[in-house]
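Asks: What follows is a structure written as structure tokens; I'll ask about it next.
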Amino acid sequence: MPDPAATNSPGSPEAQTDFIRDRIRADLAAGKVRQIQTRFPPEPNGYLHIGHAKAITLSFAVAEEFGGKCNLRMDDTNPEKEAQEYVDAIQEDVRWLGFEWDQMVYASDYFGQLFAWAEQLIEKGLAYVEDQNAEQMAKGRGTVRTPGTNSPFRDRSVAENLDLFRRMKAGEFGDGEKVLRAKIDMAHSNLNLRDPAMYRVRNLHHQRTGDEWCIYPMYDWAHGQSDSIEGVTHSLCTLEFEHHRPLYDWFCESLGIHHPQQIEFARLNVEYMLTSKRKLLRLVEEKHVDGWDDPRMPTIRGLRRRGVPAEALVAFCKHVGVAKVNGTHELSLLEYFTRDWLNSRTWRRMAVIDPIQLIIENWPKNDDGTPHVEWKDVKNNPQDEDAGTRAVPITGKLWIDRDDFMEEPPKKFFRLGPDREVRLRFGYAVKCVSYDKDDDGRITTVRCTYDPESKNGKTSDGRKIKGVIHWVSQEHALEADTHLFEPLFAEADPASFDGDEFASILRPDSRRIVKAMCEPSLKDAKGGDAFQFERVGYFYCDPKTSEQGSPVFHRTVTLKDTWKKQQGK
RNA sequence: UACCCCGUGGUGUAAUCGGUAGCACAGCAGUUUUUGGUACUGUUGGUUCCUGGUUCAAGUCCAGGCGGGGUAACCA
């Protein structure tokens, strides 16, 4: 028997080909690099989302594939928005995805080196201290169509610049009073090269360096240099940094230090999901969701609490590949990988999401007059013999799902209706003889008779029964809060909506909480367990809100439902 | 509008030195099935954005258009 996990895991092995790996192979073949070194460099100012999952997977997987290493680096150059809380969360999320970094590093580890290098640039006449304020600098930079103009402070002497820069570091100036700028070209067509800022004064406490520094390096100045220090060979980042590459190169060349290769790829977009930190923050702050780990959030912790397995997420990220085209992936692809992984390993259980009762009128009674209970051992996973069995009780009073009965069923409805017969999953064939409705006309009870000879897939007279429905014994049912999710947004491209529109495309029904009637074995469910509720979907036992004997389930994804799909047409 | 990047079936992504479009998901049909699930099989979709050019041969090279995205923070 082949390994079942290997036969249907689309995200796995075959050597991937894309422009980045092609480049790495070429660099290796040409002897340009000996060993691959990559890094994942988040700023610890928020939680990681599905877009980061792609970047993480890329950098770590590439390193692994080519026998190299990948560092996790906190780009902590702006203490204003950063916090230890995020550092911890990021590490936890990366580990949860299943990656282990070679070194855990911080851009702030390099503040000393960065300062020394800045002095070198000043000595080479390639950097100067600016006295203008932000507004004046912006004006001097020009626009995309007009060249900038040189700052009146651009030609200060090396000695003066050095002195001023050291005094900046010494804390002689207030926030915004001075910045150190690279001296490049104020008329350059790439705005990033119009004398970009390297250091700004920020009299702020840094979560790691404390009060040691009052000047902090800008992204462009810190990033490439950090890469260089770590011996990064291929610095992978998203497309919006393309315009920064010339500056990245300029700094490395001006310093004459190891020069990593920055390569940009398209960021991940998925239908109905947002990956803008700003908008995700808005969702949290305006309480449209319960927090960063709300199962509807595209954050890694949201996805995790939704029940999406890390392996499925990584397989998805590997599968979507890497290119320079900005596109949007269909949600169904993520769902496919989620189901694919869950299908082969989760235990099956029965649970009724929207219960109506089914009464078997000819169900036997015990000698003492009490209702008969029949226990049946059934498989935990029909595809996995090793998964074992559990016992489920069959009685004459059951819960079944409202969807499984129709008063006036259409032609191809294989479930229950007047005079129709179906099989109870793992149990007997039952035939509907009558049904009750409440004052609103809603079905409350379906009455059936059962065929005692119909156990084990047979029927007394050999007749074929097409439909099978799931059920739960009323007497033994465990009632559990169950959260059913739909996308947060009604539009597939929520990113194109802003302002008030943004709130108007939120779906009011993105989360429905129902009381599901579960088979009794589910009372043993522990936080983190995943199940397939037969014919319904995959459900994840929420570690945060579940209690011993009282699980709370999150619907990760529904099962494929061809019937429902056909009806929708 | 200046500059940069990109443009292959519904979606995403492949195609060594240019050699005649592959894969996955979705869709459709069928087989198996005590999950309308899974598995398996088959199948519909592409004049590779357009127009010209180079060539025996172009998705691949060149030119011009058209379309999409990005960029003007003392953020990253």
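The first sequence begins at -10 in the numbering used here and counts up by one. C-beta atoms are modelled at their ideal positions from N, C-alpha and C, and glycine is treated no differently. From a predicted model like this one, the values you see are computed outputs, not experimental measurements.
Under three-state DSSP, which class holds ASN(-3)?
Replies: Residue placement at ASN(-3) is poorly supported in this model, since its pLDDT is 27, which falls under 50; the coordinates still yield a value, given next. ASN(-3) falls in the coil class under three-state DSSP.
Asks: Looking at GLY316: is its Cβ nearer than 8 Å to the Cβ of ASN258?
Replies: Contact flag set, yes.
Asks: Using the DSSP secondary-structure output, state which residues sit across from PRO407 in a beta bridge.
Replies: DSSP, once it has assigned bridges, lists no residue as partnering PRO407.
Asks: Could you pull the start and end residues of the alpha helix (DSSP H) that VAL147 belongs to?
Replies: 147 to 159 is the extent of the alpha helix (DSSP H) around VAL147.
Asks: Considering just the uninterrupted stretch of the beta strand (DSSP E) at GLN121, what are its terminal residues?
Replies: Premise fails: GLN121 is in no beta strand (DSSP E) and is neither H nor E.
Asks: Rounded to whole angstroms, what's the CA-CA distance from GLU112 to LYS172? Just pull it up for me.
Replies: Their backbone Cα atoms lie some 12 Å apart in a straight line.
Asks: Are at least three pairs of beta-carbons, each pair with one atom in the stretch 218 to 232 and one in the stretch 438 to 450, less than 8 Å apart?
Replies: No, the stretch 218 to 232 is not in contact with the stretch 438 to 450.
Asks: Apart from the five residues just before and just after TRP210, which ones in its own chain have a Cβ nearer than 6 Å to its Cβ?
Replies: Closer than 6 Å at the Cβ level, and outside the excluded window around TRP210, lie MET187.
Asks: On the DSSP bridge assignment, give the partners of ARG379 in chain order.
Replies: Answer is VAL367, bridged to ARG379.
Asks: Given a cut-off of 8 Å on the beta-carbon distance, is the pair LYS515 and ASP470 in contact?
Replies: It is not a contact, given that the beta carbons lie outside the stated cut-off.
Asks: Short check: CB of VAL118 to CB of LEU169, under 8 Å?
Replies: Yes, the Cβ-Cβ distance between VAL118 and LEU169 is below 8 Å.
Asks: By alpha-carbon positions, which one of ASP531, ASP329, ALA481 ends up nearest to LEU320?
Replies: Considering only alpha carbons, the answer is ALA481.
Asks: Which same chain residues, not among the five before or five after GLY131, have their C-beta less than 6 Å away from its C-beta?
Replies: Answer for GLY131: GLY137, listed in chain order.
Asks: Which of the three DSSP states, helix, strand or coil, is assigned to CYS203?
Replies: In this structure, CYS203 counts as coil in the three-state DSSP scheme.
Asks: Output the distance between the C-alpha atoms of PRO398 and LEU405, rounded to the nearest integer angstrom.
Replies: Going by the C-alpha atoms only, they are around 8 Å apart.
Asks: Using alpha carbons as the reference points, say which of SER462, HIS277, GLU410 lies closest to PRO360.
Replies: When each option's Cα is compared against that of PRO360, the closest is SER462.
Asks: With a CB to CB cut of under 7 Å and the five nearest residues on each side skipped, what residues in its chain are close to GLU166?
Replies: Closer than 7 Å at the Cβ level, and outside the excluded window around GLU166, lie VAL190.
Asks: Under DSSP, the alpha helix (DSSP H) around THR288 begins and ends at which residues?
Replies: Element bounds for THR288: n/a, residue is neither H nor E.
Asks: Tell me whether ASP16 sits in a helix, a strand or coil according to DSSP, three-state version.
Replies: ASP16 falls in the helix class under three-state DSSP.
Asks: Taking only three categories from DSSP, how would you classify VAL311?
Replies: Correct three-state label for VAL311: coil.
Asks: Can you give me the C-alpha to C-alpha distance between GLY35 and GLU53, rounded to a whole angstrom?
Replies: Approximately 27 Å, taken between the alpha carbons.
Asks: Spatial neighbours of ALA72 within its chain, please: CB distance less than 8 Å, with the 5 preceding and 5 following residues excluded, ordered by chain position.
Replies: Once the five neighbours on either side are set aside, the close Cβ partners of ALA72 are PRO33, ASN34, GLN196.
Asks: In terms of alpha-carbon separation, which member of LYS58, ILE13, GLU229 lies closest to LYS313?
Replies: Closest by alpha carbon: GLU229.
Asks: For LEU263 and LYS354, I'd like the C-alpha separation in whole angstroms.
Replies: Approximately 57 Å between the Cα atoms of the pair.
Asks: Excluding the five sequence neighbours on either side, which residues of its own chain have a C-beta within less than 8 Å of the C-beta of ILE502, listed in chain order?
Replies: Closer than 8 Å at the Cβ level, and outside the excluded window around ILE502, lie ASP470, THR471, HIS472, LEU473.
Asks: Whole angstroms are fine: how far does the CA of GLU300 sit from the CA of PRO532?
Replies: Each residue's alpha carbon lies about 19 Å from the other.
Asks: Tell me which residues share the same chain as PHE326 and place their Cβ nearer than 6 Å to its Cβ, disregarding the 5 neighbours each side in the sequence.
Replies: Taken in chain order, the residues that qualify are ALA301, ALA304, PHE305.
Asks: Could you check where the alpha helix (DSSP H) with SER510 kicks off and where it finishes?
Replies: It is not in any alpha helix (DSSP H) - SER510 carries neither H nor E in the DSSP assignment.
Asks: Going by DSSP, what residues sit across from GLN26 in a beta bridge?
Replies: DSSP output for GLN26 lists LYS58 as bridge partner(s).
Asks: Who does ASP470 pair with in a DSSP beta bridge?
Replies: ASP470 is bridged to LYS504.
Asks: Kindly indicate which residue of GLY358, ASN332, ARG379, LYS365 has the alpha-carbon position closest to the one of GLN372.
Replies: Among GLY358, ASN332, ARG379, LYS365, the Cα nearest to that of GLN372 belongs to ASN332.
Asks: Would you say ALA466 and CYS507 are within 8 Å of each other, going by their C-beta atoms?
Replies: In contact: ALA466 and CYS507 (Cβ atoms closer than 8 Å).
Asks: In chain order, what residues of the same chain lie with their CB nearer than 6 Å to the CB of VAL22, ignoring the 5 residues before and after it?
Replies: The answer, listed in chain order, is ASP16, THR222.
Asks: Could you check if ASP428 is buried or exposed, using at least 16 other CB atoms within 10 Å of its CB as the buried criterion?
Replies: With fewer than 16 Cβ atoms within 10 Å of its Cβ, ASP428 is classed as exposed.
Asks: Count the other C-beta atoms from every protein chain shown that fall within 10 angstroms of the C-beta of PHE408, then say buried if there are 16 or more, exposed otherwise.
Replies: One point to set straight first is that residue 408 is Asp, not Phe, in the sequence displayed. The residue in question, ASP408, is exposed, as its Cβ has fewer than 16 Cβ neighbours within 10 Å.
Asks: Let me make sure I understand the geometry here. Which of ALA484, PHE100, PHE154, ASP200 has the alpha-carbon closest to that of SER265?
Replies: Closest by alpha carbon: ALA484.
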